[in-house]
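In the working numbering, the protein residues as written are -4 to 382.
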Amino acid sequence: MLTQLINGKILTPQGWLKDGSVLISDGKILEVNNSDLAVIGATVIDVKGMTIVPGYVAMHVYGAFGREYTEASEEAFEIVTNEHLKHGATSILPTIYSSTFENIYKAVSVCEKMMPKSSIIQGLHLEGPYLNPRMAGAHWKDVLKDPDVEEYVPLLESTDCIKRWDISPELPGALGFADYTSKRGILTALSHTEAEYEEIKAAYAAGFTHAANFYNAMPGFHKRREYKYEGTVESVYLTDGMSVEVIADGHHLPATILKLVYKLKGVEKTALVTSAVKYTDCPYEIKDERFVVEDGVCKLADRSSLAGSLATMDKLVQNVVKKAGIPLEDAVRMASETPARLLKIDDRKGSLSKGKDADIVVLDRDLNVRCVFANGKVVDGTNTLIH
């Protein structure tokens, strides 16, 4: 089947293309050009001057619609994935927060079953359980531990679906962990950490190439008695090759910090992430005495820490454009191209280029999602607004 999107402002790797068209065939982008003349035999969709951008890549997401990936069930994977897909996340790396290895193996099994069925799920993201308990935040301390080679090596030798793993680099055994995971092609990220400059240097050399939840669950510039010390934040800035991600939900970081990250790390090294939890788009009230949802964000019940966002990928793009004043093309790249490259799926995802998967999002002038294509097929519930 041949489908043609016409009369749109198209974001290509070379920049904006006005009044062009995108031609889709067999789930792939056949052509992106500057002609909006209808192609014979194609189903033509007129987007009426709206904006056509690549599908978003959600590389850090826990849940939505009352469910979470850590449940390690096919039903939960389907529900969460479909909910984020409606908001333009055409590629998702399901996140499993600190858990027992028994549950991690279950999640791996589910992910391996789901990946052949879905073009959306790109693998698994593990956060913890190798985290510094002093910086644990919403991770439950009873499952936290130091890296154990007798645990993670058998796990990683049993599967290829784990694509990312976040741990605290200052823990005993963390550098050996990073050396092993990075050599296996796994994106290895520092997270929930107190590491300072020398530790960050050693971590980067060992294979930690990414900073998760940048600014959150990590210290910045600080004092100990009369002397001042750089924090993890400044150390990451000084490590030129290290990429970062920011939770741009409007609550985890102020707009000024989003501007600063954009200015210092740049589009190529910055990814937008949701860190969305099960309360996101939830149609019913969830009662859990451990958490409270207020002010548009999830917090620990004692309000000592944020516990995740309620954002979706489209909201991140809106926030960095409208609140931080970042150009739309750069906001979209940080939500699509950059995470795709970090996850090594940019040969088929992350930009509107000939031969890549036809993962496409149509945005109106307020940057609301009006239509989503995943592998060339219109996602249910997203197609009526452009007709």
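Even glycine gets a Cβ: it sits at the ideal position worked out from N, Cα and C.
Using the rule of at least 16 other Cβ atoms within 10 Å of the residue's Cβ for burial, across every protein chain shown, is D299 buried or exposed? Taking the sequence shown and counting its residues from 1, one reaches residue 299 at position 304. The displayed chain sequence assigns Ser, not Asp, to residue 299. Classification of S299: exposed, given that the 10 Å Cβ count is below 16.
With DSSP run on the structure shown, which of helix, strand or coil describes N2? The count along the sequence shown starts at 1 and reaches residue 2 at position 7. Note: N2 maps to strand in three-state DSSP.
Spatial neighbours of F406 within its chain, please: CB distance less than 8 Å, with the 5 preceding and 5 following residues excluded, ordered by chain position. Residue 406 is absent from the structure shown; the chain starts at -4 and stops at 382.
Tell me the DSSP bridge mates of T38? Working through the sequence shown from its first residue, we reach residue 38 at position 43. In the DSSP output, where bridge partners are listed per residue, T38 has T(-2).
From the DSSP secondary-structure annotation, give me the bridge partner or partners of V148. Mapped onto the sequence shown, residue 148 falls at position 153. BP columns for V148 are empty, so no partner.
In angstroms with no decimal places, state the Cα-to-Cα distance between I99 and I91. Start at 1 with the first residue of the sequence shown, and residue 99 comes out as number 104. Start at 1 with the first residue of the sequence shown, and residue 91 comes out as number 96. Rounded to whole angstroms, I99 to I91 spans 8 Å at the Cα level.
Across which residues does DSSP place R219 in a beta bridge pair? By one-based count along the sequence shown, residue 219 stands at place 224. Note: R219 sits in a beta bridge opposite Y222.
Close beta carbons around E194, own chain, < 7 Å, minus the five adjacent residues each side: On the sequence shown, residue 194 is found 199 positions in, with the first residue counted as 1. Only P164, E165 meet the Cβ criterion.
Status (buried if at least 16 other CB within 10 Å, exposed otherwise) for D385: Summary: the structure shown does not reach residue 385, with the chain confined to residues -4 through 382, and so no result is reported for it.
Note the first and the last residue of the continuous alpha helix (DSSP H) segment covering R360. On the sequence shown, residue 360 is found 365 positions in, with the first residue counted as 1. Counting along the chain, R360 falls outside any alpha helix (DSSP H), and DSSP gives it neither H nor E.
Rounded to whole angstroms, what is the Cα-Cα separation between M130 and G123? The sequence position of residue 130 within the sequence shown is 135, counting from 1. The sequence position of residue 123 within the sequence shown is 128, counting from 1. Going by the C-alpha atoms only, they are around 12 Å apart.
Return helix, strand or coil for T234, following the three-state DSSP convention. The count along the sequence shown starts at 1 and reaches residue 234 at position 239. It is coil, neither helix nor strand.
Does the separation of the CB atoms of V364 and V356 fall below 8 Å? Within the sequence shown, the letter at position 369 stands for residue 364. Within the sequence shown, the letter at position 361 stands for residue 356. Yes, these two residues count as a Cβ contact at 8 Å.
In terms of residue numbering, what span does the alpha helix (DSSP H) encompassing R336 cover? Stepping through the sequence shown from its first residue, residue 336 is reached at position 341. Where R336 is concerned, the enclosing alpha helix (DSSP H) stretches over 332 to 337.
Which listed residue (M213, L248, K260) has its alpha carbon closest to that of L233: For the purposes of this step, residue 233 is taken as residue 238 along the sequence shown, with counting starting at 1. L233 has its Cα closest to that of K260, out of M213, L248, K260.
Please say whether T307 and T269 have beta carbons closer to each other than 8 Å? Within the sequence shown, residue 269 is the residue found at index 274, counting from 1. Within the sequence shown, residue 307 is the residue found at index 312, counting from 1. Yes, these two residues count as a Cβ contact at 8 Å.
Look up P278 in the DSSP assignment and say whether it is helix, strand or coil. Start at 1 with the first residue of the sequence shown, and residue 278 comes out as number 283. Correct three-state label for P278: coil.
With distances taken Cα to Cα, identify the nearest neighbour of K273 among V262, L255, V292. Counting from one through the sequence shown, the residue named residue 273 turns up at place 278. It is V292 whose Cα lies nearest to the Cα of K273.
How many whole angstroms separate the CB atoms of P334 and M54, which I take to be in contact at a CB cut-off of 8 Å? Against the sequence shown, residue 334 aligns to sequence position 339. Against the sequence shown, residue 54 aligns to sequence position 59. Yes, they are in contact, since the Cβ atoms of P334 and M54 sit about 4 Å apart, within 8 Å.
Cutoff 6 Å; reference V239; Cβ partners in own chain excluding five residues on either side: The residue given as residue 239 occupies position 244 in the sequence shown. Same-chain partners within the cutoff: A206, F209, K260, T265.
Less than 8 Å between the CB atoms is what I'm expecting for A330 and Y51, so what's the real figure, rounded? On the sequence shown, residue 330 is found 335 positions in, with the first residue counted as 1. On the sequence shown, residue 51 is found 56 positions in, with the first residue counted as 1. Right, their Cβ atoms sit about 5 Å apart.
I need the straight-line Cα distance from R285 to G61, nearest angstrom please. Against the sequence shown, residue 285 aligns to sequence position 290. Against the sequence shown, residue 61 aligns to sequence position 66. If you take the alpha carbons of R285 and G61, they lie about 15 Å apart.
Sort L119, H120, V138 by Cα distance to L126 and report the nearest one. Working through the sequence shown from its first residue, we reach residue 126 at position 131. Nearest of L119, H120, V138 to L126, Cα basis: V138.
Under 8 Å, do S114 and D352 count as touching if we go by C-beta distance? Within the sequence shown, numbered from 1, the residue matching residue 114 stands at position 119. Within the sequence shown, numbered from 1, the residue matching residue 352 stands at position 357. In contact: S114 and D352 (Cβ atoms closer than 8 Å).
In angstroms with no decimal places, state the Cα-to-Cα distance between K140 and T85. Counting from 1 along the sequence shown, the entry for residue 140 is found at position 145. Counting from 1 along the sequence shown, the entry for residue 85 is found at position 90. Taking the straight line from one Cα to the other gives about 34 Å.
Quick one: give me the first and last residue of the beta strand (DSSP E) that H79 is part of. The residue labelled residue 79 in the question sits at position 84 within the sequence shown. Careful: H79 lies outside any beta strand (DSSP E), inside the alpha helix (DSSP H) at 69 to 80.
Consult DSSP for M54 and reduce its assignment to one of helix, strand or coil. The count along the sequence shown starts at 1 and reaches residue 54 at position 59. Three-state DSSP puts M54 in a strand.
Between which two residues does the beta strand (DSSP E) harbouring E284 extend? Locating residue 284 in the sequence shown gives position 289, where the first residue counts as 1. That residue, E284, is in no beta strand (DSSP E); it is neither H nor E in DSSP.
For the putative contact between G371 and T(-2), defined by C-beta atoms under 8 Å, what is the C-beta separation to the nearest angstrom? Here residue 371 refers to the residue found at position 376 when the sequence shown is read from its first residue. Here residue -2 refers to the residue found at position 3 when the sequence shown is read from its first residue. The Cβ separation is near 7 Å, so the contact holds.
Measuring only the C-alpha atoms, how far is K101 from K136? Along the sequence shown, read from residue 1 onward, the residue named residue 101 stands at position 106. Along the sequence shown, read from residue 1 onward, the residue named residue 136 stands at position 141. Spanning the two alpha carbons is a distance of roughly 21 Å.
A369 - partner residues in DSSP beta bridges: By 1-based counting over the sequence shown, the position of residue 369 is 374. Its beta-bridge partners are K372.
What's the gap between the Cα of V39 and the Cα of I19? Stepping through the sequence shown from its first residue, residue 39 is reached at position 44. Stepping through the sequence shown from its first residue, residue 19 is reached at position 24. Between V39 and I19, the C-alpha separation is close to 10 Å.
Three-state class that DSSP yields for R129 in the structure shown: As a working note, residue 129 is residue 134 in the sequence shown. Note: R129 maps to helix in three-state DSSP.
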